[in-house]
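Under the working numbering, the first residue of the sequence shown is numbered 904, with each subsequent residue one higher. Just so you know, even glycine gets a beta-carbon here, dropped at the ideal spot from N, CA and C.
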Amino acid sequence: MKRARYMRKNMTLPEVLLWQQIKGKKPKFRKQYPIGDYVVDFACTAARLLVEIDGKAHDMGDNPQRDIARQQLLEAKGWSVLRIPASEVLADPSAIAEGLLRKVSDQ
């Protein structure tokens, strides 16, 4: 929980831009949501959807393998995981938010 609190106060620019678009909307999203040992960028608990914003660091070193293992564990717990490149959020945060809200509303 302490790590999640820290991350809520220190979000990346793409996370902040997306959060500004989805906060207060229905169904509700939570930011920097803890699940077990992990903290995910956003979660819509009603739709069992997790959203991860992937910056360049996710492509470096062993990060891709760790991301895959983490995603498989979260999916085994009944969550769907949607990965969005940070560059797409930076380019058009409102379009990304609209797509997310449409996706969770359809479920």
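Partner residues in the beta bridge of D957, as assigned by DSSP, are P988. Linking R969 to S983 through their CA atoms gives a straight-line distance of about 17 Å.
Counting only residues of its own chain and dropping the five nearest sequence neighbours on each side, L977 has a CB closer than 8 Å to the CB of I938, Y941, V943, L953, V984.
Counting only the Cα atoms, L920 lies some 7 Å from L993. Shown here, D1009 sits in coil according to DSSP, grouped into three states, outside any helix or strand. With fewer than 16 other beta carbons inside 10 angstroms of its own, A979 counts as exposed.
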